[in-house]
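Right, one structure below, let's go through it.
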Amino acid sequence: MLLHLLIGFVILPALVISASTVALPPAGVIPYACKDGEALVLLAYDNGRDRNGWAAFGGQANRGESIAETAAREFHEETGCVFPVPTAADLEPLERSAIGTFYTYSYEVPFVDPARIEASRCGTPGERKDWIWFRLTDVIDALDKRADVVDRFDRDKTYPLWFVGRVSLQEALDDKVLPADNSVCNGK
């Protein structure tokens, strides 16, 4: 009995703490595409427990992954494996933003119709849904006003950002990781 108490209350917690101290932190990607000279940011609905809002992509590291590897894998999985980029090698040299122990990259990806992502069964189906390309300027406006993001086709329709997703987007913007305007798409 004493041995079980020792294992349950001393040894297991110590192992969990030591394992978590060597695990690399979670990471993700804020993808944007240039379409007709305008920057569009891809977000998806995150219906995870206590989330319920739109956000960029990311999650926990697998054992042995670098921060860039985690970000690339999570983005690939949460977008139905339809984007050929970014790879960890693409992300590694880039600046990244951080809120606490969550690291965020921003990366230009090709424009892909969200219906293609929705139709894919690759990655982590069910973890995310309703992928939408928002105007970068509308995302920034929503961050500035602490408001929902306006739909680019129906200006009367808005989408709430998940709180932590909002904080991550704001920090990436403040850290100059997320582009601040459409100049990133000049000539594209």
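For what it's worth, our numbering labels the leading residue of the sequence shown as 4, then goes sequentially.
All residues carry an ideal CB built from backbone N, CA and C; glycine is no exception.
Computed from a prediction, not measured in an experiment: that's the story for all the values here.
Query raised in the report: Which residues in the same chain have their Cβ closer than 6 Å to the Cβ of PHE114, if we skip the five residues on either side of it in sequence?
Result: The answer, listed in chain order, is ALA36 and LYS38.
Query raised in the report: Between the beta-carbon of PHE105 and the beta-carbon of SER186, is there less than 9 Å?
Result: Cβ atoms of PHE105 and SER186: not closer than 9 Å.
Query raised in the report: Secondary structure at GLU98, three-state DSSP: helix, strand or coil?
Result: In this structure, GLU98 counts as coil in the three-state DSSP scheme.
Requested in this report: Taking 9 Å as the cut-off, decide whether the C-beta atoms of SER100 and VAL180 are in contact.
Outcome: A contact, by the Cβ cut-off of 9 Å.
**Report entry** Whole runs of the alpha helix (DSSP H) within the region 109-169, excluding any shorter than 4 residues
**Finding:** Within the region 109-169, the complete alpha helix (DSSP H) segments of 4 residues or longer fall at 117-122 and 139-148, listed in chain order.
Requested in this report: May I ask which residues mark the beginning and end of the alpha helix (DSSP H) holding ALA74?
Outcome: ALA74 -> alpha helix (DSSP H) spans 70-81.
Requested in this report: Alpha carbon to alpha carbon, how far is ASP177 from PRO96? Give it in angstroms, no decimals.
Outcome: So the two alpha carbons sit approximately 19 Å from each other.
**Report entry** Three-state secondary structure (DSSP) of ALA27
**Finding:** It is Leu, not Ala, that sits at residue 27 in the sequence shown. In the three-state DSSP reduction, LEU27 falls in the coil class, being neither helix nor strand.
Query raised in the report: So what does DSSP say about ALA195, is it helix, strand or coil?
Result: Because the chain here runs from 4 to 191, residue 195 falls outside it and cannot be looked at.
Report task. Measure from the alpha carbon of CYS84 to the alpha carbon of each residue in GLU121, ASP93 and GLY67, then state which is nearest. Result -> Comparing alpha carbon positions, the residue from GLU121, ASP93 and GLY67 closest to CYS84 is GLU121.
Query - Among PRO28, ASN65, TYR110 and GLY126, the one whose alpha carbon lies nearest that of LEU45 - result: Nearest to LEU45 by alpha-carbon distance, out of PRO28, ASN65, TYR110 and GLY126, is TYR110.
Query raised in the report: Can the beta-carbon of ALA71 be found less than 9 Å from the beta-carbon of TYR108?
Result: In this structure, TYR108 lies closer than 9 Å to ALA71 by Cβ.
Query raised in the report: Distance, Cα to Cα, ARG66 vs GLU98?
Result: Going by the C-alpha atoms only, they are around 23 Å apart.
Query raised in the report: VAL180 by DSSP, collapsed to three states: which one?
Result: Coil.
Requested in this report: Measure the CB-CB distance between TYR43 and TRP165 and report whether it falls below 9 Å.
Outcome: First, the amino acid is wrong: residue 43 is Leu here, not Tyr. At the C-beta level, LEU43 and TRP165 stay beyond 9 Å of one another.
**Report entry** Nearest residue (CA-CA) to ALA92, options GLU81, ALA145 and SER69
**Finding:** Looking from the CA of ALA92, the closest CA among GLU81, ALA145 and SER69 belongs to SER69.
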